[in-house]
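Sequential numbering of the sequence shown, starting at 1363, is according to our numbering.
All residues carry an ideal CB built from backbone N, CA and C; glycine is no exception.
Remarks on the structure that follows.
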Amino acid sequence: MNKKELVDSMAEAADISRAAAEKALNSALMGITEALAKGDKVTLVGFGTFSAVNRAARQTKNPRTGEPIEIPAKISAKFKAGSKLAEAVNVVAS
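Written out as structure tokens, the structure is:
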């Protein structure tokens, strides 16, 4: 499912226009992004938790040349599925 399909699904389920559904989705995504940028967690009970995690700098080797390269530290987004989402996915997968 891509963003357009999600917007269509939201519009149909909520009986609203596609424009309103897209505006709502964009607002939710912007809110999550802003919270993560501040270092906050976003918890949607039953669905999951978004958080920002620090990844330390590390050294690795270039697979082609074998020479060492430095990978800089960065902050990454992380998602941990909630229990209801995990159950729903496992039921579908079975």
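- What are the partner residues of V1461, as DSSP defines its beta bridges? No answer is possible for residue 1461: the residues shown for the chain start at 1363 and end at 1456.
- Straight-line gap, E1367 to E1374 (C-alpha atoms, nearest Å): Going by the C-alpha atoms only, they are around 11 Å apart.
- For the stretch 1402-1420 and the stretch 1435-1451, state whether three or more C-beta atom pairs, one from each stretch, are separated by less than 8 Å. The stretch 1402-1420, when compared against the stretch 1435-1451, does touch it at the 8 Å Cβ threshold.
- So is A1383 buried or exposed if we call it buried at 16+ other beta carbons inside 10 Å? Per the 10 Å Cβ criterion, buried.
- Query: Anyone know if the C-beta pair for F1441 and G1393 falls short of 8 Å?
  - Reply: For F1441 and G1393, no; Cβs fall outside 8 Å.
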